[in-house]
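So the sequences go chain by chain: A and B.
Counting from 1, one number per residue, gives the positions in the first sequence under my numbering.
Counting from 1001, one number per residue, gives the positions in the second sequence under my numbering.
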Amino acid sequence: MRKIYYALKYVCIAALVISLVALLAVVAYVLINGLDKLSFHLVFGEYDPNMPTLLPALVGTLQLIGVAAIIAIPIGVASAIFLVEYTNNKGKFVKIVQVAAETLAGIPSIVYGLFGYLIFVVAFGWGYSIIGGGITLAIMILPTIVRSTQESLLSVQGGLREGAYALGTSKVRTIFRIVLPSAAGGIVTAIILAIGRVVSESAVLILTIGMVVNKVPETLMSPGTSLALDIYYFASHGYPNEAAATAVVLLVFVILLNLLAGWIGNMIKKSTYGDAK
Amino acid sequence: MNEFIGSMNITAKGCNLYYGDFHALKDINIEIPEKQVTALIGPSGCGKSTFLKIFNRMNDLVEGCRIEGEYHIGGIDIFDKETDVNILRKNVGMVFQKPNPFPMSIYDNIAFAPRTFGITKKSKLDEIVEQSLRRASIWDEVKDRLRKNALGMSGGQQQRLCIARSLAASPKVLLMDEPTSALDPISTGKIEELMEELKKDLTIVIVTHNMQQATRIADKTAFFLLGELVEYGNTDDIFTSPRDERTERYITGRFG
């Protein structure tokens, strides 16, 4: 019996090593192939067919984040507030919404892309546009924002709500002054992680924003590209090293977002709970 | 109208309360005098906390809770359509078993209720904060750290802060739901002294598991058992010469 326990430990260590090696291999591969192409010109320069740059993708990515965030954050947070504070998170309706949200979160993103294509590109006649892609991304991250905001609201101690009501505080004031500030750390972290999904998404955008890699979008109605899309474009159009360099930029972007999420979440927790927690 | 005025007697007539099919309180009639401490005692699950929460309508928040009967505080019918539940709760404060300070500064905790009811002038708020903390006899301990987060205080201090927070709404009645059961004996003693002081202006109703506490602080005591009010009278009489055999068995520790 003893031997099996020891063996199990080593099996687990081996598994850990394999996953670490896989991760490091990806990062190393990207760095080795991309670093010598990575330059100031590549990231911020004017686009040239012989010297492609990421400027259109950078602008496009930021615009997509903006559109998706403006739509998904208020709707997602408000939905979660309704579910937790106004229905007590109980009942058939909440169950249905819950199941729907979990299902939506699990749908492959290309399906969202197809939806966005059929609605915004075809039915609305917008053609490929940043705004169509942004709205589609907003729909894609909504379930995640609703679910994680719900979790954050539910983790607020019931005693705080009771305490506020017992002072004659209205429901709205209790939500805005007591519940939301207490849950803010978790909500902000969830939102930034959802934005991370926007940044790394490509399937949705192939079908909705058109992958125009050589022009900075003039308006939100223009077609465009994003960092993740550029990787696909460069890799499939004979610029493998530029693709790897773009991957480096994207990696840094995502790492920064994740750090930011943790940092802001902690800052807010500190300012609401002081040094007590 | 924001303030309850006049005498703050509390009366309940024909009180029946149901959680779904469960009959939790059975035909209770009681008259609680103003400016005294009245203790509600009885074994766990006897309905005393539930009964207490009728008077600031906290049971409204409980799903499937149905209340029958007539309830008056200072002559005001608390379930009347005209009675605003938030105004009722402003006038009938509550302190909970577990201290529940808001995750904000000590000052903001105390100023919360006055701000809710429209006081924004800083000098006025400063005055209310100091006065409330003094009345809860915690001013000297916190006056130098009013801007510090309230969650950094000890449990006993947090509970007195919660009392001060209630007082800042200038209530006429204070409901206390086992306010010392989570505290050490020294903190408990402080809160009991405090109640002695507060009853000069307030009607206090306290639920307690601790019978010594009832004898120390309560003018009147009501004994609940299985949703019924078994006996109610002066604390001395209840503990020295109870009329009901069940009361006697409970206070002598033979059941419950």
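For glycine and all other residues, C-beta sits at the position ideal for the given N, C-alpha and C.
**Request:** Verify the CB distance criterion: does A/Ser-19 have a CB-CB separation below 7 Å to chain B?
**Result:** no
**Item:** Unbroken stretches of the alpha helix (DSSP H), 4 residues or longer, contained in the region 167–201 of chain A
**Value:** 180–200
**With 16 other Cβ atoms within 10 Å as the buried cut-off, status of B/Pro-1103** = buried
**Item:** Rounded C-alpha distance that separates A/Ile-119 from B/Gly-1093
**Value:** 55 Å
**Request:** Specify the secondary structure class of A/Ala-261 as computed by DSSP and reduced to three states.
**Result:** Note: A/Ala-261 maps to helix in three-state DSSP.
**Prompt:** My guess is that A/Val-94 and A/Leu-83 are in contact by the Cβ rule of under 8 Å, so how many angstroms apart are they, rounded?
**Reply:** A/Val-94 to A/Leu-83, Cβ: 6 Å. Contact.
**Prompt:** Which of the residues in the region 132–161 of chain A, read from start to end, lie with their CB under 8 Å from any CB of chain B?
**Reply:** Gln-157, Gly-159, Leu-160
**Request:** For A/Arg-147, name the three-state secondary structure that DSSP assigns.
**Result:** helix
**Prompt:** Cβ of B/Ala-1169 within 7 Å of Cβ of B/Lys-1090?
**Reply:** yes
**Asked** Could one say the Cβ of A/Ala-166 lies closer than 7 Å to chain B's Cβ atoms, at least one of them?
**Response** Closer than 7 Å to some Cβ of chain B, the Cβ of A/Ala-166 qualifies, so yes.
**Prompt:** Applying a beta-carbon distance threshold of less than 8 Å, which residues of chain A neighbour B/Gly-1093?
**Reply:** Neighbours of B/Gly-1093 across chain A, judged by C-beta separation under 8 Å: Ala-166, Leu-167.
**Request:** Quick one: residues in its chain with C-beta nearer than 6 Å to the C-beta of B/Cys-1015, no 5 flanking neighbours on either side, listed in chain order?
**Result:** Leu-1025, Ile-1028, Gly-1069
**Prompt:** Starting from B/Glu-1034 and walking both ways along the beta strand (DSSP E), at which residues does that stretch end?
**Reply:** Taken as a continuous stretch (DSSP letters only), B/Glu-1034 belongs to no beta strand (DSSP E), as it is neither H nor E.
**Asked** Excluding sequence positions up to five away, which residues of its chain have a Cβ less than 7 Å from the Cβ of B/Glu-1031?
**Response** Asn-1009, Thr-1011
**Message:** Please report the distance separating the alpha-carbon of B/Ile-1206 from that of B/Met-1176.
**Reply:** Spanning the two alpha carbons is a distance of roughly 5 Å.
**Prompt:** Exposed or buried, what is A/Met-51 when buried is set at 16 or more other beta-carbons lying within 10 Å of its beta-carbon?
**Reply:** exposed
**Prompt:** Is the number of C-beta pairs between the region 1223–1231 of chain B and the region 1037–1048 of chain B that are closer than 8 Å three or more?
**Reply:** Touching, per the Cβ criterion.
**Asked** Three or more beta-carbon pairs under 8 Å between the region 31–42 of chain A and the region 184–204 of chain A, yes or no?
**Response** no
**Request:** Quickly, what does DSSP pair B/Met-1094 with across the bridge? List them, please.
**Result:** B/Leu-1175
**Request:** Kindly indicate which residue of A/Leu-250, A/Ser-182, A/Ser-129 has the alpha-carbon position closest to the one of A/Leu-64.
**Result:** A/Ser-129
**Prompt:** What residues from chain C crowd round B/Arg-1147, counting only those whose CB sits closer than 8 Å?
**Reply:** Here chain C cannot be found, since the structure's protein chains are A and B.
**Item:** DSSP-derived helix/strand/coil call for A/Ser-129
**Value:** coil
**C-alpha distance - A/Ala-15 paired with A/Ala-25, whole-angstrom precision** = 15 Å
**Request:** Pick out whichever of A/Pro-143, A/Val-213, A/Pro-74 has its Cα sitting closest to the Cα of A/Thr-246.
**Result:** A/Val-213
**Request:** Measure from the C-beta of A/Tyr-281 to each C-beta in chain B and report whether the shortest distance is under 7 Å.
**Result:** In the structure displayed, chain A extends from 1 to 277; residue 281 of chain A sits before or after that span and is not available.
**Message:** For A/Ser-148, tell me which candidate among A/Asn-258, A/Pro-181, A/Thr-189 has the shortest Cα-Cα distance.
**Reply:** A/Thr-189
**Prompt:** What separation, rounded to the nearest whole angstrom, lies between the Cα atoms of A/His-237 and A/Leu-58?
**Reply:** 19 Å
**Prompt:** B/Thr-1208 and B/Glu-1034: beta carbons closer than 7 Å?
**Reply:** no
**Asked** If you pair each beta-carbon of the region 37–57 of chain A with each one of the region 204–224 of chain A, do three or more pairs fall below 8 Å?
**Response** yes
**Message:** List, from N- to C-terminal side, the alpha helix (DSSP H) runs of 4 residues or more that fit wholly inside the region 1016–1103 of chain B.
**Reply:** Taking only runs of at least 4 residues, the alpha helix (DSSP H) segments lying wholly in the region 1016–1103 of chain B are 1048–1052, 1085–1091.
**Prompt:** Are any of the Cβ atoms in chain A nearer than 7 Å to that of B/Thr-1240?
**Reply:** no
**Request:** Just mark B/Gly-1253 as buried or exposed, buried being the case when its beta carbon has 16 or more other beta carbons within 10 Å.
**Result:** exposed
**Prompt:** What's the C-alpha gap between A/Leu-42 and A/Leu-250?
**Reply:** Straight-line Cα distance between these residues: approximately 13 Å.
**Boundaries (first-last residue) of the alpha helix (DSSP H) holding A/Phe-93** = 92–106
**A/Lys-277, DSSP secondary structure in three states** = Its pLDDT being 39, under 50, A/Lys-277 is placed unreliably in this model, and the value from its coordinates should be taken loosely. DSSP places A/Lys-277 in coil when its eight states are reduced to three.
**Prompt:** Between A/Glu-162 and B/Phe-1096, which are expected to be in contact by the criterion C-beta below 8 Å, what is the C-beta distance as a whole number of angstroms?
**Reply:** 7 Å
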